[in-house]
Amino acid sequence: MQETTVAMSRTESARRDADPSGPQGAAVDNAVSVRCVSKTFGSVEALKNLSLDFPRGELTSLLGPSGCGKTTLLKIIAGLLEPSSGRVEVGGEAVTGPGPDRAFVFQDFALLPWASVLRNVAFGLELRGMAKSEREAIAEKHICEVGLAGFEHSYPHQLSGGMRQRVGLARALAVDADVLLMDEPFSAVDEQTRRKFQEDLLDLVRNERKTFIFVTHSIEEAVYVSDQIAILLPRPSRVSEIIRPSGFRDKGADNLRRDPEYLDIVDSIWASLRSYVE
Amino acid sequence: MQETTVAMSRTESARRDADPSGPQGAAVDNAVSVRCVSKTFGSVEALKNLSLDFPRGELTSLLGPSGCGKTTLLKIIAGLLEPSSGRVEVGGEAVTGPGPDRAFVFQDFALLPWASVLRNVAFGLELRGMAKSEREAIAEKHICEVGLAGFEHSYPHQLSGGMRQRVGLARALAVDADVLLMDEPFSAVDEQTRRKFQEDLLDLVRNERKTFIFVTHSIEEAVYVSDQIAILLPRPSRVSEIIRPSGFRDKGADNLRRDPEYLDIVDSIWASLRSYVE
Amino acid sequence: MNRSLLLKLLSAAIVFGAWEIAGRVPVSYAFPTFLDSMTALFAMSIDGTLLRAYGETLRPLVAGIAISALLGIVIGLWIGLSEFCDWLFSPIFIVMQAAPLAALIPLLVMAYGIGLTSKVFVVCIMAMPVIVLNTASAVRNTPSSLKEMGRSFLGSDFDIVTRIILPSASPIIFSGLRLGISAGFIGAILAELKITPTGVGDIITYSRSIADYPSMYAAIFSIILLAVLFLNLLERLEGQLFAGNNRGYVSD
Amino acid sequence: MTLLGFRLPGFSSLILWALLWELVGRLDLTFFVPPLSEVVVTLVQILPTPAFLSALGETAQAFLLGVLAAVLAGVPLGILMGRNRLLDELLLPWVNIFLSAPLTALVPVLMVLFGFGMLSIVITTTLFAIWIIILNARAGVLQINRSLVEMAKSFGASPFDAFFKIYFWAALPEILGGVRIGIIRAVKGVIIGQLLISVVGFGALFELYSTNFLMAHFWAVLIVLFALAFAISELLAHLERRVAYYAARR
Amino acid sequence: SAETIRIALAETPSDELAAFFVALDRAKANGLNYEWTAFSDEELAIQAVLSGQMDIGFGTPYAAMQRSKAPVRIIFQLSKLKFFPVTTKKYEKLEDLDGQPILLHSRGGGTDSIANVIEDKVGITFGQRSYVPGSANRVVALVSGQADATIIDLSNKNKLMRQQGDAFNVLPMFDVEASDEALFANLDWIRANEDDVQILVDALLSTWRDMNRDPTIIGRETDPDGPIGQLPAEILGGLDDFYIEAVKGGLYSPDGGGRVAARADMEWYSEAGQLDGDPESLNIEDFWYLAPLDQAGR
Ligand SMILES: Nc1ncnc2c1ncn2[C@@H]1O[C@H](COP(=O)(O)OP(=O)(O)OP(=O)(O)O)[C@@H](O)[C@H]1O
Ligand SMILES: Nc1ncnc2c1ncn2[C@@H]1O[C@H](COP(=O)(O)OP(=O)(O)OP(=O)(O)O)[C@@H](O)[C@H]1O
Ligand SMILES: [Mg+2]
Ligand SMILES: [Mg+2]
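The listed protein sequences derive, respectively, from chains A, B, C, D and E.
According to this note's numbering, the first sequence holds residues 103 to 380 in order.
According to this note's numbering, the second sequence holds residues 103 to 380 in order.
According to this note's numbering, the third sequence holds residues 4 to 255 in order.
According to this note's numbering, the fourth sequence holds residues 1195 to 1444 in order.
According to this note's numbering, the fifth sequence holds residues 104 to 401 in order.
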């Protein structure tokens, strides 16, 4: 399934969108499925009748213009916002609030300014009532993984933007949830670091079959890392297209830049995004 | 001069760096020139003996890892910080403080939270003592240009990050300075908007011969828009390399992505930035 | 009718209702009911007692508050901008802030007599420190990026003070003014209770000495009402001058 | 303040003012400003007297009880008001009223309701301190970063956790600021209470000394009071500075 | 009697209260338990007794007795209204004060009533009346030139005339026998605590008598650990002078006032406007409870 060609995946996408249960139907194990969700804030209609499935063990990217409702969708899945209508299922059960099966990486990091890096990373576990020594050991491990070893006792304000974002990332990874909801998780890190994180993410998908829902503004990034890309229309947001890029991961980021297939798909996404804006 | 090839420009860069007056010497009309500038903050050495020329009517990008001193350099040119040693000339005269020939776009926007978008954009002109009706007319024009028509009477807290950044941009453009110092001016806007702004910038370079000094984290962006790219070393910062990409602007952003020459230069910058980090 | 007004009325009804009930119980023979007090208030307003009293009370109050506000903001600005001034003067105001004015009043009477001067002085001592200290700290905490922006767009020092520092400090300055004015009211009443009983303070003490408790409560009620009106006016002014940045409730 | 390259400590200027005071006292301009040295001598004399110690004890007790009540009631109430719109809309007008009301005028009412003893004085002290504490705690909660609340929720925080691990800490800089101002107001409150209700503690000393024109005694007690208020306020300011690192970055 | 009686003072303990505390000590020696609270003014002390929060109060609550019809009775006259009009050299006699501003203690207080009676008896009307509580404060106002005329108590008059007699006049005035401070309590409470009241009045009367014979006993009998003994040395040093002058000035009646004082009070306070009705028709028993004093005098 991961090996379908680009051309195929794109025609397929239209069909899937029209009929959410799609051709792959019950065969696919969906970690998260969103059914006809709408959300209005006062008079602002952020989401309208949005349906989308997130297969287990896959990385799905959400692409769309700023303010189209990506964060809103993520928060609804996380159980932080109630949809105005429609339903969301995670692991087959309807979402009624936040749960231990999902972890959120916040767009604005949401770090506790009064707590050290260590405590911040361990905070999710602290709230789950894990003993101090245990949770700190786990946090240490994740701090190393995001490259912040040595900063355990620093405070957020002593870190650069990119480093702070990595703390938020480590915190979400530390709780070891099945579904990771990541809202522009790499926006503040510099390009070199971003590259490394993309690799780490792909490792998690490959080895631990975690499900990622990933918001990004970078088309290139989305094409490189995703199993599935959902392109959202501007407000009120629905899914306009689902694209399943394939096999790019294995080619390696450096070679990719000149890969014609890759360039084709980037171009076409770019073209469709542009058309909505105009 | 703008038409030198990439290969040439790169070998040239090393020479220019070694001898600031360079082979083009007095022939080049430099809008800004920075001579042996050092800057220390307490014990932190941010810049060390940095020399760099910014030719008139050209766009120069500064590329470098986070915290390497790009903002510091821009503020020294703007006259907001005093260098610890060395001198800066703008239009042939030594800089002693801010002047009407330079306008600054701040990394953190620096908007007045109590003032409407209109007043914020007109604020530079207000400080110059321009009459209200006149300055508001000019501000209106620039608000339209950055795509914020209709938000004139909104307050900064009612805008999204990208919109706020555009207000800061419009304010700098409104004072019609010769030299524009832009500190990551597009970091918060989405890709489509960013693309539009890049075009607008290039128009200003082409038609009004304004001089831009431009900080960015995006190598692709730098290569596309710049006449000259200065790559800065990590702290204490010096210029490690000057690259003069040529002719990419005229190819159009969409075609560029597949241009091998473009890809080469992006790759090489990528490689050299990476080498410093490691 | 909108929700917030409705809730205000509701909470007023609850509190006044509780007062009425407590007065009817009665909690103490010296505790009149709400309605009795309002009747007394009405009577005093009709026969002009209240008007005359406020003529007396408002003079030192308004003069003191005006002086404290102007001088306080100027000194605060100065302290906030100059390190030397900060060093020299801010300890004085910090000490002054803690001054138990009630105890100092006899001294003031000795120094400035029993006339308007010492009452104005009382109001100033109460009101000024918090205005000065708030202004100074707000001025000191003006975001440096805004000041830099002002400089880069060629603002003169005066421009930067009036167009950037003051507006940016305004929320804190206004909260200082609010506290200062409320302290000024306390000072004015204290002066009338402790220096010479005139104005509203006199109504309070005299009604008490003749056991006319409804009038006493009416006077207290009226001065509180006045203080609240005064502060609402100030809030209105702040809203007009600087559009606020109200971020709403967490629960919303 | 730096002078000739030396960093002068914050309150060193008080020495300058003390010298000025001494000078004015020595010039004998008015009888109610005796030289500072005389005041200090008097202070040393009266400090160990039982009259002074018991006054200090009485004042300190009323003050501490009043402040404690204000903090214990004010902080949670302020946080709740910041979180709950209905509660806030019901209570905020009253908090504002009492913050700005001339509380001195209310003292006679307190005497009627709570008697003439310690209780009324403690309540006066509390009333002087509590409103600003409530308002500041509320303001601290209102400006809390919503993402922090959502983050805690997404990690499954209970309301109790959220209160103690998020709201309290996020509002702490404002809370401390409020407590500091509140305490300074409480000093006034306790003295007003001790002068207007029953004349006890420092209030009695002030009354006694001023009616008998014992100016050196008067100033000596005043200095003690200043020093106490000052010490507490500096302690809190110090705590405030310790959380200042995150105050601007929430 | 085991119960502690609560005494509401109208001022903080100072030299003027030394005699009272000496009497309290004597009462204590006879088995009286007491505690005291100082209020900042007479009204509060009266209010405290009226509402039952205090048992015995300091002051002259005639207005309250008549207006509130509360069964409050005076049991002992502590001091007489010995106040003196003092002016700058501008004025020579009371008549000169016609239409002139004057400084008094408080509205409705003792000095206010003196001013009322002066107006009546001399046939003048004062100009603006300003109020500054505390004789000492009024002296300061006078000395610093903020007022030209005031009414002050005996000890402050003496002090002022000693120090700056050449700058001020004490205007000649008629004698006043009415009470300035008296002890009062609720009649029901008095009846329920006859024994305690008797002990107290006995002690007071004996002290007042001894003091009139030898004013210095106050200084000698003052308990060095009591509220008076703890006063600053500056005040304690002047104690003897204060009582010698006070006794000479007739401030303290050696028989605790009684019927004479009651009669005088009723006349005085009627004239001053604090009591309504013809003084002749007023009934002493409505204002005074004389039994303990009579008993003590026996
Ligand atoms: N609490 C809210 N109240 C009112 N409107 C809101 C609220 N939250 C979001 N919106 C509106 O809903 C729309 C979608 O917002 P959302 O944050 O989901 O956008 P987004 O796609 O994440 O944008 P970005 O890429 O800029 O993060 C926006 O237009 C925004 O104005
Ligand atoms: N006011 C200051 N005080 C102390 N150190 C400072 C100050 N301003 C900057 N620095 C230090 O100087 C260095 C350069 O900072 P600068 O802001 O110029 O970096 P930058 O290149 O703009 O980084 P970024 O890409 O993150 O904006 C940093 O290491 C920073 O810590
Ligand atoms: Mg978003
Ligand atoms: Mg920077």
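Think of the CB as a built atom: it goes at the ideal place given N, C-alpha and C, for glycine as much as any other residue.
Only a predicted model underlies this, so the values are computations on that prediction, with no experimental measurement involved.
Practice task
Could you name the residues of chain E that T199/C contacts, counting a contact when the two beta carbons are closer than 7 Å?
Solution key: S233, Y234 and V235
Handout entry: First and last residue of the uninterrupted alpha helix (DSSP H) at D343/E
Key = L342 to K351
Exercise for the section: Given a cut-off of 8 Å, decide if P338/A and E184/A are closer than it, judged by their beta-carbon atoms. Expected result: no
Handout entry: Short CB-CB distance (under 8 Å) between W1288/D and chain C
Key = yes
Practice task
Sort out for me which residues DSSP pairs L275/B with in a bridge.
Solution key: Its beta-bridge partners do not exist; DSSP assigns none.
Handout entry: Contacting positions in the segment 204-221 of chain E - beta carbon closer than 8 Å to chain D
Key = none
Problem - Pick from E146/E, D158/E and D313/E that is closest to Y165/E, judged by C-alpha positions - result: E146/E
Practice task
Mind reading off the beta-carbon distance from V160/A to T313/A? Whole number of angstroms is fine, and I expect it under 8 Å.
Solution key: Strictly speaking, residue 160/A in this sequence is Glu, with Val absent from that position. 6 Å between Cβ atoms; contact.
Problem - Start-to-end residues for the alpha helix (DSSP H) that takes in I167/C - result: Premise fails: I167/C is in no alpha helix (DSSP H) and is neither H nor E.
Handout entry: Beta-carbon separation (whole angstroms), Q260/B vs A290/B, contact threshold 8 Å
Key = Actually they do not touch by this definition, with Cβ atoms about 15 Å apart.
Practice task
Could you check how far apart the C-beta atoms of F287/E and G155/E are, in whole angstroms? I think they sit under 8 Å.
Solution key: Not really, about 13 Å apart at Cβ, beyond 8 Å.
Handout entry: chain B contacts made by the segment 274-298 of chain A, where a contact means CB separation under 8 Å
Key = D292, E293 and Q294
Handout entry: Unbroken alpha helix (DSSP H) run spanning L335/B, endpoints
Key = Note, L335/B: premise wrong, no alpha helix (DSSP H); not H, not E.
Practice task
Below 9 Å between beta carbons is the criterion; list the residues of the segment 141-158 of chain B that meet it against any residue of chain A, in chain order.
Solution key: none
Handout entry: CA-to-CA distance, G79/C to V98/C, given in whole angstroms
Key = 15 Å
Problem - CA nearest to the CA of L335/B, picked from P167/B, K353/B and K177/B - result: P167/B
Exercise for the section: Could you name the residues of the same chain whose beta carbon sits closer than 8 Å to that of R311/B, not counting the 5 residues immediately before and after it, in chain order? Expected result: R158 and G159
Problem - Given 8 Å, three or more beta-carbon pairs between the segment 1414-1423 of chain D and the segment 241-261 of chain E - result: no
Handout entry: Own chain residues within Cβ distance below 7 Å of L180/C, not counting five before or after
Key = A72, I134 and L237
Exercise for the section: Compare the C-beta of A105/C against all C-beta atoms of chain D and say whether one is closer than 8 Å. Expected result: yes
Handout entry: Residue-chain proximity (V1437/D, chain E), Cβ-Cβ < 8 Å
Key = no
Handout entry: Buried versus exposed call for V363/E [16 or more other C-beta atoms within 10 Å across all chains shown]
Key = exposed
Practice task
Mark E1252/D as exposed unless 16 or more other C-beta atoms lie within 10 angstroms of its C-beta, in which case mark it buried.
Solution key: buried
Problem - beta strand (DSSP E) segment containing S320/A, residue limits - result: Taken as a continuous stretch (DSSP letters only), S320/A belongs to no beta strand (DSSP E), as it is neither H nor E.
Practice task
For E195/A, name the three-state secondary structure that DSSP assigns.
Solution key: strand
Problem - Identity of the residue in I227/C, I163/C, L240/C and G242/C nearest L1293/D by Cα - result: I227/C
Practice task
Could you check which residue in G252/A, H255/A and I321/A has the C-alpha nearest to that of E286/A?
Solution key: I321/A
Practice task
Assign G230/E to one of two classes, buried (16 or more other C-beta atoms within 10 Å of its C-beta) or exposed (fewer than that).
Solution key: exposed
Handout entry: Contact the segment 107-114 of chain E vs the segment 180-192 of chain C: 3+ CB pairs below 8 Å
Key = no
Practice task
Select from the segment 329-351 of chain A all residues with a C-beta closer than 9 Å to any C-beta belonging to chain D, and list them in chain order.
Solution key: none
Handout entry: Within 8 Å, strictly: CB atoms of G270/B and A224/B
Key = no
Practice task
Assign E184/A to one of three DSSP states: helix, strand, or coil.
Solution key: coil
Practice task
Give the DSSP bridge partners of R1332/D, in chain order.
Solution key: Paired residue(s): none; R1332/D is not in a bridge.
Problem - Any non-hydrogen atom of ligand 5 within 7 Å of N261/E CB - result: Of the ligands this structure carries, namely ligand 1, ligand 2, ligand 3 and ligand 4, none is ligand 5.
Exercise for the section: For the beta strand (DSSP E) containing S163/B, list its first residue and its last residue. Expected result: L161 to L165
Handout entry: Buried or exposed (CB count within 10 angstroms, at least 16 for buried), N357/A
Key = exposed
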